[in-house]
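*Asks:*
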Amino acid sequence: MSVRIQEKEDVTIRFAGDSGDGMQLTGSQFTNTTALAGNDLSTLPDFPAEIRAPQGTVAGVSGFQIHFGSKAIHTPGDSCDVLVVMNAAALKANLKYLKAGGIIIANEDGFGKRDLNLAKYGPEDNPLDQVQTSGFGLIRLDVTKLTRASLEDSGLPPKDVDRCKNMFVLGVIYWLFSRDLQPTITFVEKKFSKKPEIASANVTALKAGYAYGGATELFSERYSVQAAQIEPGTYRNITGNEAAVIGLAAATEKSGRDLFLGTYPITPASDILHGLSKLKNYNIRTFQAEDEIAAVTSAIGAAFGGSLGVTSSSGPGIALKTEAIALAMMLELPLVIINVQRAGPSTGMPTKTEQSDLLQAVYGRAGESPLAVVAPASPADCFEMIFEASRIALEHMIPVMFLSDGYIANGAEPWKFPKAEDLKEIKVSFAEPREADDEAFLPYLRDERLVRKWAVPGTKGLEHRIGGLEKEDKTGNISYDPDNHHKMTLIRAQKRDNIANFIPEQQIEEGPESGKILVVGWGSTFGSIKAAVHELNRSGLSAAHTHIRYISPFPKNLASVFSRFEVILVPEINNGQLIKLLRDQFPEFTFHGYNRITGVPFSVSSLCDAIERASKF
Amino acid sequence: MSVKTTSKNGTNGQPKLKGKDFASDQDVRWCPGCGDYTILKQVQNLMPELGVPKENIAFIAGIGCSSRFPYYMDTFGMHSIHGRAPAIATGLKVTRPELSVWVITGDGDSLSIGGNHLIHALRRNVDINILLFNNEIYGLTKGQYSPTSKEGMVTKSTPMGSLDHPFNPAALAIGADAGFFARAMDRDPKHLNDIMARTHEHKGTALCEIYQNCIVFNDGAFEVYTDKQRRSETALYLEHGKPLVFGNDSDKGIRLDGMRPEVVKLGDEFSESDLWVHDEKDHFKAYLLSRFFEDNRHEDRLPRPFGVFYDVERPTYDEMVNLQVEAAVKKMGKGNLDELLAGSETWVVR
Numbered sequence: 000m001s002v003r004i005q006e007k008e009d010v011t012i013r014f015a016g017d018s019g020d021g022m023q024l025t026g027s028q029f030t031n032t033t034a035l036a037g038n039d040l041s042t043l044p045d046f047p048a049e050i051r052a053p054q055g056t057v058a059g060v061s062g063f064q065i066h067f068g069s070k071a072i073h074t075p076g077d078s079c080d081v082l083v084v085m086n087a088a089a090l091k092a093n094l095k096y097l098k099a100g101g102i103i104i105a106n107e108d109g110f111g112k113r114d115l116n117l118a119k120y121g122p123e124d125n126p127l128d129q130v131q132t133s134g135f136g137l138i139r140l141d142v143t144k145l146t147r148a149s150l151e152d153s154g155l156p157p158k159d160v161d162r163c164k165n166m167f168v169l170g171v172i173y174w175l176f177s178r179d180l181q182p183t184i185t186f187v188e189k190k191f192s193k194k195p196e197i198a199s200a201n202v203t204a205l206k207a208g209y210a211y212g213g214a215t216e217l218f219s220e221r222y223s224v225q226a227a228q229i230e231p232g233t234y235r236n237i238t239g240n241e242a243a244v245i246g247l248a249a250a251t252e253k254s255g256r257d258l259f260l261g262t263y264p265i266t267p268a269s270d271i272l273h274g275l276s277k278l279k280n281y282n283i284r285t286f287q288a289e290d291e292i293a294a295v296t297s298a299i300g301a302a303f304g305g306s307l308g309v310t311s312s313s314g315p316g317i318a319l320k321t322e323a324i325a326l327a328m329m330l331e332l333p334l335v336i337i338n339v340q341r342a343g344p345s346t347g348m349p350t351k352t353e354q355s356d357l358l359q360a361v362y363g364r365a366g367e368s369p370l371a372v373v374a375p376a377s378p379a380d381c382f383e384m385i386f387e388a389s390r391i392a393l394e395h396m397i398p399v400m401f402l403s404d405g406y407i408a409n410g411a412e413p414w415k416f417p418k419a420e421d422l423k424e425i426k427v428s429f430a431e432p433r434e435a436d437d438e439a440f441l442p443y444l445r446d447e448r449l450v451r452k453w454a455v456p457g458t459k460g461l462e463h464r465i466g467g468l469e470k471e472d473k474t475g476n477i478s479y480d481p482d483n484h485h486k487m488t489l490i491r492a493q494k495r496d497n498i499a500n501f502i503p504e505q506q507i508e509e510g511p512e513s514g515k516i517l518v519v520g521w522g523s524t525f526g527s528i529k530a531a532v533h534e535l536n537r538s539g540l541s542a543a544h545t546h547i548r549y550i551s552p553f554p555k556n557l558a559s560v561f562s563r564f565e566v567i568l569v570p571e572i573n574n575g576q577l578i579k580l581l582r583d584q585f586p587e588f589t590f591h592g593y594n595r596i597t598g599v600p601f602s603v604s605s606l607c608d609a610i611e612r613a614s615k616f
Numbered sequence: 000m001s002v003k004t005t006s007k008n009g010t011n012g013q014p015k016l017k018g019k020d021f022a023s024d025q026d027v028r029w030c031p032g033c034g035d036y037t038i039l040k041q042v043q044n045l046m047p048e049l050g051v052p053k054e055n056i057a058f059i060a061g062i063g064c065s066s067r068f069p070y071y072m073d074t075f076g077m078h079s080i081h082g083r084a085p086a087i088a089t090g091l092k093v094t095r096p097e098l099s100v101w102v103i104t105g106d107g108d109s110l111s112i113g114g115n116h117l118i119h120a121l122r123r124n125v126d127i128n129i130l131l132f133n134n135e136i137y138g139l140t141k142g143q144y145s146p147t148s149k150e151g152m153v154t155k156s157t158p159m160g161s162l163d164h165p166f167n168p169a170a171l172a173i174g175a176d177a178g179f180f181a182r183a184m185d186r187d188p189k190h191l192n193d194i195m196a197r198t199h200e201h202k203g204t205a206l207c208e209i210y211q212n213c214i215v216f217n218d219g220a221f222e223v224y225t226d227k228q229r230r231s232e233t234a235l236y237l238e239h240g241k242p243l244v245f246g247n248d249s250d251k252g253i254r255l256d257g258m259r260p261e262v263v264k265l266g267d268e269f270s271e272s273d274l275w276v277h278d279e280k281d282h283f284k285a286y287l288l289s290r291f292f293e294d295n296r297h298e299d300r301l302p303r304p305f306g307v308f309y310d311v312e313r314p315t316y317d318e319m320v321n322l323q324v325e326a327a328v329k330k331m332g333k334g335n336l337d338e339l340l341a342g343s344e345t346w347v348v349r
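If you read the protein sequences in the order shown, they are chains A and B. Start counting the first sequence at 0; every next residue gets the next number (numbering that gives the first Met the number 0). Start counting the second sequence at 0; every next residue gets the next number (numbering that gives the first Met the number 0).
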């Protein structure tokens, strides 16, 4: 029987199974193959909070969602067309993400009595039959049996054979979406180059799954998603944390400064430490400190010594660092503070995403402690914005907070990566060596931007003291003079504000340059807002999207962008934080909030509704 | 013990620097009579002897009376935040191993708010020198008890006497696997200078505890070790390879009865050959010495040791970090940014 191939503009697949089922690997392999096929895509892993939750339980389910298409893709998809489940718990945890009429591909032997029990289905429940009667398509695969059969002659112990189950499933999915097996074969052979028998078993299972898709009559149709219209160029797939790592390496090379990362492990920021610790041959040193405070202060020590100081954490860790961040601000040393935000407060929901540290970033320190804040809009944008954070820190001698979040840190998208030679140089300004009879060295003498020069130990004649006590203008000597303190407070604020002269102007991302409604976003909501605004414009509602990546200071032309629209909507995954900054700095405009604090990104459909409602204001 | 370069700064055709060349132009603002003045003077006197160019010396301090110290030194300096100087010094030393990095701290700064950083610096063995000014009181906040204050001590915050059991800095350092621990006191400047020179010579984290008199809030805390009448009975000066002898007319010594130290009278029954001979390389004996921590206001206690307890070198953290960097470059070559940007899998869209 020949199977019909149906063209699709975009498809979302969600892979779900027990933590030990290899779903992240399956998802990332499907992603790479899909990228190589020329689709645009966006992905999001969904890890369980526990490292090894009890096997077979809902708490132990690990998921991976990929949205790909022949059109531009901005989000991992609100819901999925195809749900692949390896056991009953995976179905239970993920059925809510499946579109009406969607297809479930189920590993049937993950639905035994014990599995149903562990997933807390009732004794009368038969979830697979139930989903079928609810209008979902169901493909039952006896994955364990089929994988074992395909590897009967492999000579491997049953444990190793069963570990190939995910490859069998991946093979079936590749057949269903008419994908090439070769990229995954190449990957497996490289990954298991030292264990050729394991590599060969994985490849066999993959091919067996692919053949099984074609040989059975389980599927009435196959799908094809054509390559997307993407800007020509060379691409790679990248997560936000990977992009931050590469961006820091780029800033190191372009500034000619060594980089020192002082950090303490915390979800979801730890991958930045893992990534940078492998780049020792890029003039990068990493230090896993005893605590968050030592992490940031060691970075300050390195910055005093002439390196680009970097510290990485998430909200709770940033809270511990705040005193030291204010010290760096007071010392006027270059420091990049990475906050990969997660759902708070307190320990909150470490593996879930949120944008709720913005006010902490802008205001969360003792005294008047202005520093710069930037926020990447997408996984790939983490590269550009961490490079910008580093540039601002080094060129303006100020701490810069980089506000990523768990969503873009772990999410991935294709990235048309730049060439090293096309990246701009970062210009660092050092104090020059002096002889004994030269004029006295003034460590806090400033240029027209109010920036002081970096006076690095080891430079002859520059011996000087800096500290957290209020300093006299120019000399840096301790001063309790009332007028001096007033003056220094204003100087530090103005120095931060002056950065606005050295950042790009605000742009409209999508939609008209002026009109009825403007949607103002920041950070990881970029993809959802862009997709929603695009969709609304296609359906006839004129809306515009602007995304603020430089938050402190704001771009100079922000008010002029606002002035061109009647209604301004500010969606945020918090209880209204950017909107407070906007209301404070732009009291002449009215801002409407749209806030969801659920630990997950905005769905495009909920944003569309919110924008439609706002358009009637 | 490693012998460092003997060249002094100022030898490149320049006149050799003097102690006063290391005094900054800032007015020193400790209370008149504070023990910190002596320590400052001895540190300034020591600097020209180190063989380190002046611009390669950095002093990092936390918060407290002692932590004002960097402002008075004409070197690179940072007066940072409370308790964090060892961590700041770690970042500086790891990235600039050629610098001579000194941490100035007090008993509150290093043993209370910054206790974590102190023990981790000691175990990591970053090549920094830590001078811990111990005055057994909080001075800058005007007289609360500190983590080294004696039990029962009446202070502003303990009107009925302190309930806290004090830290024993020597035992803490040995427990944290410090490679070097020494003790000195402000009232014996010559010995202090010698011991700080030894602190500098040690490669690795070197902790030098300095008994420092706070004339305002805890005057006389260490009088029992400095008073001319009593000090020979209470202070035991350690010298490598020499027996532990103290007392008026050097008439007493420490003998080890198995693992138990005891004070013996030299004369008919015991001679110097029966005594414990100090060995700076012996970790177990260093631990025993650290337990010489009795209240010497009472008679017949083990004397308080001064000098170098322990001095054994092992690879330093900063050295090993930089060796890993060298090894990575050797193995993989200098990093190529274009390769990093491209990663392992790319595709071309035409």
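The beta-carbon is built from N, C-alpha and C at its ideal position, and this holds for glycine as well.
If the criterion is Cβ atoms closer than 8 angstroms, does the pair residue 272(A) and residue 385(A) meet it?
*Replies:* Cβ distance not < 8 angstroms, so residue 272(A) and residue 385(A) don't count as in contact.
*Asks:* So that I know if they touch, is there some Cβ in chain B lying closer than 8 angstroms to that of residue 31(A)?
*Replies:* With 8 angstroms as the cut-off, residue 31(A) counts as an interface residue toward chain B.
*Asks:* Which of the three DSSP states, helix, strand or coil, is assigned to residue 228(A)?
*Replies:* Coil at residue 228(A), not helix or strand.
*Asks:* Are there 16 or more other CB atoms within 10 angstroms of the CB of residue 117(B), so buried, or fewer, so exposed?
*Replies:* Under this definition residue 117(B) is a buried residue.
*Asks:* Thinking just about the alpha-carbon of each residue, which of 460(A), 534(A), 355(A) and 493(A) is nearest to the one in residue 602(A)?
*Replies:* Of the candidates 460(A), 534(A), 355(A) and 493(A), the one whose C-alpha sits nearest the C-alpha of residue 602(A) is 534(A).
*Asks:* If you compare alpha carbons, which of 583(A), 284(A) and 521(A) is closest to residue 259(A)?
*Replies:* Among 583(A), 284(A) and 521(A), the Cα nearest to that of residue 259(A) is on 284(A).
*Asks:* Could you give the first and the last residue of the continuous alpha helix (DSSP H) run that contains residue 174(A)?
*Replies:* That run of the alpha helix (DSSP H) goes 164-175.
*Asks:* Tell me, which residues are paired with residue 61(A) by DSSP?
*Replies:* Partner(s): 16(A).
*Asks:* Please classify residue 0(B): does DSSP put it in a helix, a strand, or coil?
*Replies:* For residue 0(B), the predicted structure reports a pLDDT of 40, less than 50, and the residue's modelled location is therefore unreliable. A value from the coordinates is still provided. Coil at residue 0(B), not helix or strand.
*Asks:* Got a sec: is the Cβ-Cβ distance from residue 205(B) to anything in chain A below 8 angstroms?
*Replies:* Chain A, which has no Cβ nearer than 8 angstroms to the Cβ of residue 205(B), makes this no.
*Asks:* Please identify the residue among 195(B), 312(B), 17(B) and 157(B) whose C-alpha is closest to the C-alpha of residue 137(B).
*Replies:* The residue with the shortest Cα to Cα distance from residue 137(B) is 157(B).
*Asks:* Around the C-beta of residue 444(A), are 16 or more other C-beta atoms found within 10 angstroms, so that it is buried, or is it exposed?
*Replies:* Classification for residue 444(A): exposed.
*Asks:* Would you identify the three-state DSSP class for residue 41(B), choosing helix, strand or coil?
*Replies:* Helix.
*Asks:* Leaving out the 5 sequence neighbours to the left and right, which residues in its chain are closer than 7 angstroms to residue 58(B) when beta-carbon positions are compared?
*Replies:* Once the five neighbours on either side are set aside, the close Cβ partners of residue 58(B) are 68, 69, 72, 74, 76, 101 and 103.
*Asks:* Counting only the same chain and skipping the five closest in sequence on each side, list residues whose C-beta sits under 6 angstroms from that of residue 358(A).
*Replies:* Contacts found: 576.
*Asks:* For residue 531(A), which of helix, strand or coil comes out of DSSP?
*Replies:* Residue 531(A): helix per DSSP, three-state reduction.
*Asks:* Going by DSSP, which residues form a beta bridge with residue 195(B)?
*Replies:* Bridge partners of residue 195(B): none, in fact.
*Asks:* Helix, strand or coil for residue 207(B)? Go by DSSP, reduced to three states.
*Replies:* Of the three classes helix, strand and coil, the one that applies to residue 207(B) here is strand, per DSSP.
*Asks:* Under DSSP, the beta strand (DSSP E) around residue 78(B) begins and ends at which residues?
*Replies:* Looking at the DSSP string, the run of the beta strand (DSSP E) that includes residue 78(B) is 75-78.
*Asks:* Would you identify the three-state DSSP class for residue 88(A), choosing helix, strand or coil?
*Replies:* Residue 88(A) falls in the helix class under three-state DSSP.
*Asks:* Residues of chain A with a CB under 8 angstroms from the CB of residue 69(B): which are they?
*Replies:* Simply 464 and 466.
*Asks:* Name the chain E residues whose beta carbon is nearer than 7 angstroms to that of residue 88(B)?
*Replies:* You won't find chain E in this structure, because its protein chains are A and B.
*Asks:* Please decide whether residue 1(B) counts as near chain A, where near means a Cβ-Cβ distance under 8 angstroms.
*Replies:* Confidence is the limiting factor: at residue 1(B) the pLDDT is only 42, short of 50, which leaves the residue's position unreliable, though a coordinate-based value still follows. No, residue 1(B) lies away from the interface with chain A (no Cβ there is under 8 angstroms from its Cβ).
*Asks:* Going by C-alpha to C-alpha distance, which of 36(B), 132(B) and 93(B) sits closest to residue 207(B)?
*Replies:* Nearest C-alpha to residue 207(B): 132(B).
*Asks:* Taking C-beta pairs closer than 9 angstroms, name the residues in chain A that residue 101(B) reaches, listed in chain order.
*Replies:* Those within 9 angstroms of residue 101(B) in chain A number zero; the least Cβ separation is about 12 angstroms.
*Asks:* Using the Cβ count rule (16 or more neighbours within 10 Å means buried), how would you classify residue 241(B)?
*Replies:* Exposed, because fewer than 16 other Cβ atoms sit within 10 Å of the Cβ of residue 241(B).
*Asks:* Note down, in chain order, all residues in the stretch 265-291 of chain A with a beta-carbon under 7 angstroms from any beta-carbon belonging to chain B.
*Replies:* So the close ones are 278, 279, 280, 281, 284, 286, 288, 289 and 290.
*Asks:* Check each candidate in 149(B), 204(B) and 213(B) and name the one with the smallest Cα separation from residue 140(B).
*Replies:* When only C-alpha atoms are compared, the closest one is 213(B).
*Asks:* Residue 211(B) to residue 60(B), Cα distance in whole Å?
*Replies:* Near 16 angstroms, if we compare the C-alpha coordinates of residue 60(B) and residue 211(B).
*Asks:* Using a beta-carbon distance cut-off of less than 7 angstroms, what residues from the stretch 410-424 of chain A approach chain B?
*Replies:* Within the stretch 410-424 of chain A, the qualifying residues are 416, 417, 418 and 419.
*Asks:* For the beta strand (DSSP E) holding residue 347(A), just list the boundary residues, first then last.
*Replies:* Neither: residue 347(A) is in no beta strand (DSSP E) and is coded neither H nor E.
*Asks:* Exposed or buried, what is residue 41(B) when buried is set at 16 or more other beta-carbons lying within 10 Å of its beta-carbon?
*Replies:* When all chains shown are included, residue 41(B) counts as buried.
*Asks:* Whole angstroms are fine: how far does the CA of residue 241(A) sit from the CA of residue 318(B)?
*Replies:* For residue 318(B) and residue 241(A), the distance between alpha carbons rounds to 28 angstroms.
*Asks:* Going by DSSP in three states, residue 550(A) sits in which element: helix, strand or coil?
*Replies:* Strand.
*Asks:* When the Cβ atoms of the stretch 364-384 of chain A are set against those of the stretch 563-576 of chain A, are three or more pairs found closer than 8 angstroms?
*Replies:* Contact fails: fewer than three Cβ-Cβ distances are below 8 angstroms.
*Asks:* Rounded to the nearest angstrom, what separates residue 111(A) and residue 129(A) at their Cα positions?
*Replies:* For residue 111(A) and residue 129(A), the distance between alpha carbons rounds to 15 angstroms.
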